[in-house]
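J.: Take this structure first; my questions come after.
There are 2 protein chains.
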Amino acid sequence: MKVSDLGEFGLIARLAEELSAQTAAAGDLFVGIGDDAAVWRGAEGAHIATTDTMVAGVHFPGEGLPWRDLGWKSLATNVSDIAAMGGTPEYALVTLALPGDFSVEDVIELYAGLGEAGRAYGVTVAGGDVVSSPVFVITVSLSGRADLDESGQPRLLRRDAASAGDLVAVTGYLGGSAGGLRILMNAADAPGEARERLIEAHLRPQARLDAGRAALAAGVRCAIDLSDGLMQDLGHICQASGLGATVWRDKVPVNPWLSHAVAPDQALRLAVAGGEDYELLFIGTEEQVLEVRRQVALPVTIVGEMVVDPQQRVQLLDEDGREVELLAAGWDHFARGERRS
Amino acid sequence: MKVSDLGEFGLIARLAEELSAQTAAAGDLFVGIGDDAAVWRGAEGAHIATTDTMVAGVHFPGEGLPWRDLGWKSLATNVSDIAAMGGTPEYALVTLALPGDFSVEDVIELYAGLGEAGRAYGVTVAGGDVVSSPVFVITVSLSGRADLDESGQPRLLRRDAASAGDLVAVTGYLGGSAGGLRILMNAADAPGEARERLIEAHLRPQARLDAGRAALAAGVRCAIDLSDGLMQDLGHICQASGLGATVWRDKVPVNPWLSHAVAPDQALRLAVAGGEDYELLFIGTEEQVLEVRRQVALPVTIVGEMVVDPQQRVQLLDEDGREVELLAAGWDHFARGERRS
Chain H
12 MKVSDLGEFG LIARLAEELS AQTAAAGDLF VGIGDDAAVW RGAEGAHIAT TDTMVAGVHF
72 PGEGLPWRDL GWKSLATNVS DIAAMGGTPE YALVTLALPG DFSVEDVIEL YAGLGEAGRA
132 YGVTVAGGDV VSSPVFVITV SLSGRADLDE SGQPRLLRRD AASAGDLVAV TGYLGGSAGG
192 LRILMNAADA PGEARERLIE AHLRPQARLD AGRAALAAGV RCAIDLSDGL MQDLGHICQA
252 SGLGATVWRD KVPVNPWLSH AVAPDQALRL AVAGGEDYEL LFIGTEEQVL EVRRQVALPV
312 TIVGEMVVDP QQRVQLLDED GREVELLAAG WDHFARGERR S
Chain R
12 MKVSDLGEFG LIARLAEELS AQTAAAGDLF VGIGDDAAVW RGAEGAHIAT TDTMVAGVHF
72 PGEGLPWRDL GWKSLATNVS DIAAMGGTPE YALVTLALPG DFSVEDVIEL YAGLGEAGRA
132 YGVTVAGGDV VSSPVFVITV SLSGRADLDE SGQPRLLRRD AASAGDLVAV TGYLGGSAGG
192 LRILMNAADA PGEARERLIE AHLRPQARLD AGRAALAAGV RCAIDLSDGL MQDLGHICQA
252 SGLGATVWRD KVPVNPWLSH AVAPDQALRL AVAGGEDYEL LFIGTEEQVL EVRRQVALPV
312 TIVGEMVVDP QQRVQLLDED GREVELLAAG WDHFARGERR S
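So the protein lines, in turn, are chains H and R.
Per my numbering, the very first residue in the first sequence carries number 12; after that it's consecutive.
Per my numbering, the very first residue in the second sequence carries number 12; after that it's consecutive.
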C-alpha cells in the first residue's frame, strides 16, 4: 500500500497504533501522538515537545524565497503548536538538510528570521544538525513546559476535551494566509496594503501564546491551532472528542483584506479551508469564551458549536440552517493532489 | 558563498555566531551549539536535547534498505549523542518526509525498528510529524536529562573539558561500520560471520549509555561519540578544548572482522577515519580510564593523549613516533565529495 492511499492522517493513526503496540507502558507520557504536541511528566511540571518540517517545493517554493520570513515561520508554527496546548515554549533545535551549492547568505538570513521569532516568543535556539540533501528541508523541534494542577496532572488544552453544547471560537481573522500564498504564486493579486497584509499573513504568522494562556486561565480545556484549515482542524477535535460540530457560515471571521484579492465565495472557502492561519481555535462554554475575549487584544469570534454526531462530521451551515458544500475541506499532504502551501 | 565552500563544520560555527548575536542572554542554557547535545536548566536537573537527520541517497541508499534497521539506527544515533553527554534519554519525536508513493509497509517496518531501539534504551516515541517530500528524510529529536551537582551545575561529558596530559580512550572496536557499508555497497566482501558482523556494525550501532554513565561516575568530564571517525571527532575535542592530540597507531582497536574484508592498511584507515561506529571516545586521567574499564563490559582502549598544540592538530603516530599520513581524516557532508554513508 502506498502512503498516498492511506493519507497523512491515516498514516499517523497507523503509526500511533504500531508504537502503542511496541512501547512498554509509558506511565509518564501524558499526551502522545495525535495532539498538537507531546507532553510528559518532568521532575516539576510537564514537558511539552513538538516538531514541524518544511520541504522546498512542497511547503514553499524552492526559489526566490524571503529566507528570513521562512526562518520566522518555521519557528512560529512550532510555537503555535505549544500555544494550542496552553504551554510556554523554551528551547528549539533546528535541523537543515540542504544541497552543497546552497547559498551561505541565505542560510544566515534564515537564521536571522529564526532569531527574530525566538526573541518574539522567548525561545532559545539551542542546537541542531546540518546535513547534505538533494532538496532543502528544515525541521524545527521545540520544547517547553506546562503547569501541573493540584492533582499532579498538567493543565493543558487538548483535542479530546470538547463536550456537546460547547461553543467553537477562533482568534483573529481567517483565510489571509491562503490569500497571501495565492498572491505569491501569481494566482491572485490585490492592490497596495491588501497585498502586503495578505502576504504577511502567509509569511509571518503569529503564534497565539497569549490567547492559549488566557483560554487555560478561563477554564477552557480544548483547543487546536489552525494549520490545516478551520473545517479540517475542527474535524480533528471532533474525532478526538467523539462529537460532531456545526459552523455558521455568516459568523466566520473572513480576513477583511481578502475581498480585495478574491471573489466573496472564494474568500469564504479560503477562510474555512485555506490553512496556515495559525489562529487558535478553542472550545468552551459561552462564559469561558467571553472571558477569553475580555483578556486578549485579538478579536475572538464564536463560529459554531459542538453537537452529538456518531459520524463526527463538521457541517458548515448557511443562514437558513442548510449545509453548504465546499469543494475541498482542507489539506492532506498525501491523499489530495493539491499542495499545502 | 556556497555551503560547500564553508563545509559542514564551518557552517555550524557561522550559524552559532549568528545565533549568539541574535539571542538575548540565555542564562539557563548550559550547552548550546557545538557539542553532542544541547543542555538547559530545568526545575530540577538539566534537560538534554539532540537531533539527527538521515537523507535517502546521502546517508543511506535510497532503495533495497532494511527499513527496520534504519529505524533502529535513526534512534540509536541520537541516544549515542546523549550517552556522549553522560545523560539519560527519555522521549523522542520522529519526523518523516516522504514521497506519496512510499510503501506503508516500509514505514511500519521503520517504526518497528524505532520501537526496538526505544525499548533497548528506555526511550518513548512521543510524537512527530509526517510531511510530503520528493526525497525520504527522517529526523529524530531526542530529549533526556542530566543530574545537577551540589553547585547546581549539570554533571556532563563535554567536548571542551580536556586537559593536556589526559589520556584518550575509546570503547569497543573501530572501523566495523565503515567495513559493513563497503560490503553493502559491493565495494568489499567478507565470508560468513565476518560479513554479518560488519553489516550489523553499520546497520545496528549500539549507543554506549552505560559507558557514558560509568565515565561520569569515574570523574571523567570530556567525551564525544564517534560518528565522523576517531581523527575527526578527536579534532572536535581539540578545537573545543584548545589542545592538540596524539593517537598511537598500534593502539587503535581495529575491528577484528575487518581483516576478512579489506587489506590491513585500509582497515587502519577505516578504524581511524571511517565514521559511524558510535563508540564512546573519552578523555581522562589514567586512573579514571582504568576505573571505567573496570565498570563496563566493553573493551576500553587507551589510544592516545592530549598535548599542548596551538594548531590543535590530531596526529597519528607510528611505533617510532613518526606521523602517519592518511588520505582523508574523516567526513564532512559538504566540503568533501565523499558521501558519509
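Just so you know, even glycine gets a beta-carbon here, dropped at the ideal spot from N, CA and C.
#1: Between which residues of its own chain and R350/R is the CB-CB distance below 7 Å, once the five residues before and five after are set aside?
#2: Listed from N- to C-terminal order along the chain, which residues in the stretch 140-160 of chain R have their beta-carbon within a distance smaller than 7 Å of any beta-carbon of chain H?
#3: Using 8 Å as the limit for Cβ to Cβ distance, is K84/H near chain R?
#4: Nearest CA to the CA of L209/H: which residue from E316/H, W78/H, D63/H and A272/H?
#5: Should the stretch 311-322 of chain R be regarded as contacting the stretch 170-180 of chain R, the criterion being three or more beta carbon pairs within less than 8 Å?
#6: L157/R to Y184/R, Cα distance in whole Å?
#7: Alpha carbon to alpha carbon, how far is D140/R from L153/R? Give it in angstroms, no decimals.
#8: What separation, rounded to the nearest whole angstrom, lies between the Cα atoms of V300/H and A229/H?
#9: According to DSSP, is Y289/H part of a helix, a strand, or is it coil?
#10: Examine chain R for any beta-carbon lying closer than 8 Å to the beta-carbon of E297/H, and answer yes or no.
#11: According to DSSP, which residues form a beta bridge with C249/H?
#12: Considering only C-alpha positions, which residue in the set G82/H, R206/H and L26/H is nearest to P267/H?
#13: Return the CA-CA distance between F71/R and E211/R, expressed in angstroms with no decimal places.
#14: At least one CB of chain R closer than 8 Å to the CB of S91/H: is that the case?
#15: Report the rounded CA-to-CA distance for V335/H versus D276/H, giving the unit in angstroms.
#16: Taking DSSP as the reference, what is the three-state secondary structure of E207/H?
#17: If you follow the alpha helix (DSSP H) that R215/H is in, where does it begin and where does it stop?
#18: Check the C-beta distance from A278/H over to S270/H and give it rounded, since I have them as a contact under 8 Å.
#19: Rounded to whole angstroms, what is the Cα-Cα separation between C233/H and L167/H?
#20: Taking 8 Å as the cut-off, decide whether the C-beta atoms of S144/R and L192/R are in contact.
#21: In angstroms with no decimal places, state the Cα-to-Cα distance between P310/H and F293/H.
#22: Examine chain R for any beta-carbon lying closer than 8 Å to the beta-carbon of T62/H, and answer yes or no.
#23: Who are the near neighbours of I194/H in its chain, counting only those whose CB is closer than 7 Å to its CB and skipping five residues on each side?
#24: Put Y184/R into one of helix, strand or coil per three-state DSSP.
#25: Pop quiz: D236/R and D80/R are said to be a contact at Cβ under 8 Å. What is the actual Cβ separation, rounded to whole angstroms?
#26: Does the beta carbon of F113/H come closer than 8 Å to any beta carbon on chain R?
#27: Specify the secondary structure class of L327/H as computed by DSSP and reduced to three states.
T.: Quick look at the numbers:
#1: Here residue 350/R refers to the residue found at position 339 when the second sequence is read from its first residue. In this predicted model, R350/R has a pLDDT of only 35, less than 50, meaning its place in the structure is not dependable; the value taken from the coordinates is given anyway. If you ignore the 5 residues before and after R350/R, its C-beta comes within less than 7 Å of the C-beta of V69, all in its own chain and listed in chain order.
#2: Per Cβ criterion, the list reads D140, V141, V142, S143, S144, P145, V146, V148, T150, S152 and S154.
#3: Taking the first sequence and counting its residues from 1, one reaches residue 84/H at position 73. Residue-level contact check: K84/H does not touch chain R, since none of the beta carbons of chain R fall below 8 Å from its beta carbon.
#4: By one-based count along the first sequence, residue 209/H stands at place 198. Of E316/H, W78/H, D63/H and A272/H, the smallest CA-CA separation from L209/H is found for A272/H.
#5: By the Cβ rule, the stretch 311-322 of chain R counts as touching the stretch 170-180 of chain R, because three or more pairs are nearer than 8 Å.
#6: Counted from its first residue, the second sequence places residue 157/R at position 146. Counted from its first residue, the second sequence places residue 184/R at position 173. According to the sequence as given, residue 157/R is Ala; it is not Leu. For A157/R and Y184/R, the distance between alpha carbons rounds to 27 Å.
#7: Locating residue 153/R in the second sequence gives position 142, counting from the first residue. Locating residue 140/R in the second sequence gives position 129, counting from the first residue. Distance between the alpha carbons of L153/R and D140/R is about 14 Å.
#8: For the purposes of this step, residue 300/H is identified with residue 289 of the first sequence, where counting begins at 1. For the purposes of this step, residue 229/H is identified with residue 218 of the first sequence, where counting begins at 1. When rounded, the distance between both Cα atoms is 8 Å.
#9: Within the first sequence, numbered from 1, the residue matching residue 289/H stands at position 278. The answer is coil: DSSP assigns Y289/H none of H, G, I, E or B.
#10: Here residue 297/H is taken as the residue at index 286 of the first sequence, counted from 1. No, E297/H lies away from the interface with chain R (no Cβ there is under 8 Å from its Cβ).
#11: By 1-based counting over the first sequence, the position of residue 249/H is 238. Residue pairing for C249/H: DSSP places it in no beta bridge.
#12: For the purposes of this step, residue 267/H is taken as the residue at position 256 of the first sequence. Ranking G82/H, R206/H and L26/H by Cα distance to P267/H puts R206/H first.
#13: The residue given as residue 71/R occupies position 60 in the second sequence. The residue given as residue 211/R occupies position 200 in the second sequence. Between F71/R and E211/R, the C-alpha separation is close to 14 Å.
#14: Within the first sequence, numbered from 1, the residue matching residue 91/H stands at position 80. Chain R contact via Cβ: absent.
#15: As a position in the first sequence, residue 335/H is number 324, starting the count at 1. As a position in the first sequence, residue 276/H is number 265, starting the count at 1. When rounded, the distance between both Cα atoms is 11 Å.
#16: Working through the first sequence from its first residue, we reach residue 207/H at position 196. Looking at E207/H - three-state DSSP - the assignment turns out to be helix.
#17: One-based indexing of the first sequence puts residue 215/H at position 204. Looking at the DSSP string, R215/H is not in any alpha helix (DSSP H), and its letter there is neither H nor E.
#18: Numbered from 1 along the first sequence, position 267 holds the residue referred to as residue 278/H. Numbered from 1 along the first sequence, position 259 holds the residue referred to as residue 270/H. Yes, they are in contact, since the Cβ atoms of A278/H and S270/H sit about 6 Å apart, within 8 Å.
#19: Walking along the first sequence from the start, residue 233/H turns up at place 222. Walking along the first sequence from the start, residue 167/H turns up at place 156. Looking at the two C-alpha atoms, the distance is approximately 8 Å.
#20: For the purposes of this step, residue 144/R is taken as residue 133 along the second sequence, with counting starting at 1. For the purposes of this step, residue 192/R is taken as residue 181 along the second sequence, with counting starting at 1. In this structure, S144/R keeps its C-beta atom at 8 Å or more from the C-beta atom of L192/R.
#21: Here residue 310/H is taken as the residue at index 299 of the first sequence, counted from 1. Here residue 293/H is taken as the residue at index 282 of the first sequence, counted from 1. Inter-residue distance for P310/H and F293/H is about 13 Å (C-alpha atoms, whole angstroms).
#22: For this step, residue 62/H is matched to residue 51 along the first sequence. Chain R has a Cβ within less than 8 Å of the Cβ of T62/H.
#23: The residue given as residue 194/H occupies position 183 in the first sequence. Here the set comprises D200, A201, R206, L209, I210 and A272.
#24: As a working note, residue 184/R is residue 173 in the second sequence. Correct three-state label for Y184/R: coil.
#25: As a working note, residue 236/R is residue 225 in the second sequence. As a working note, residue 80/R is residue 69 in the second sequence. Between D236/R and D80/R, the beta carbon gap of about 19 Å keeps them out of contact (Cβ cut-off 8 Å).
#26: The residue you call residue 113/H lines up with position 102 of the first sequence. So, interface residue.
#27: Numbered from its first residue, the first sequence carries residue 327/H at position 316. In the structure shown, L327/H sits in a strand (DSSP, three-state: E or B).
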